[in-house]
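K.L.:
Take the sequence shown: its letter number 28 is residue 28 in our numbering, and every next letter is one higher.
Beta carbons are placed, not taken as given, at the ideal position from N, Cα and C, and that holds for glycine.
Small disclaimer: the values here were computed from a predicted structure and weren't measured.
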Amino acid sequence: MNQQQMLRQVQQMQAAMAQAQQEIAATEVTGSAGGGMVTVEADGKGQLRRVKIDPSVVNPTDVEMLEDLITVAVGDAQKKAAELASAEMGKVTGGLNLPFKLPF
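#1: Which one of K45, G75, S32 and L48 has the shortest CA to CA distance from D54?
#2: Within 10 angstroms of its Cβ, does L84 collect 16 or more other Cβ (buried), or is it exposed?
#3: List in chain order: all unbroken alpha helix (DSSP H) runs of 4+ residues lying wholly within the region 41-79.
#4: Looking only at its chain, what residues have a beta carbon closer than 8 Å to the beta carbon of E28, apart from the 5 residues adjacent to it on each side?
#5: Which one of T93, G36, A87 and I24 has the shortest CA to CA distance from I70?
#6: On the criterion of 16 or more Cβ atoms from any shown chain inside 10 Å, does Q21 qualify as buried, or is it exposed?
#7: So the beta strand (DSSP E) T27 belongs to, where does it begin and stop?
Here's what the structure looks like:
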């Protein structure tokens, strides 16, 4: 393979990666905790968009439990977003183990 062919392939991969990043950002993931008592929605990059809390878990004498549920739900959504990003970028890179972290 000559340098021009290689450069063309790199440019195609860059374009495909940019497209995949846009698709990931537009995808919504949901994390939950407490059997769905707390749910969070995030984009594919893990940025929170919405938090929903069932009123039955709002107990002024046990705020710590609600804080824990929110933390678990956010972590769940972020984990799903990371898995989504990894899977989508893996499709673009053909499973290459790239020596750098993707920009999200």
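P.N.:
This is what the structure holds:
#1: S32
#2: buried
#3: none
#4: The residues are E41, A42, D43, G44 and R49.
#5: Ranking the options by Cα distance to I70, first place goes to G36.
#6: buried
#7: Unbroken run through T27: none, as it is neither H nor E.
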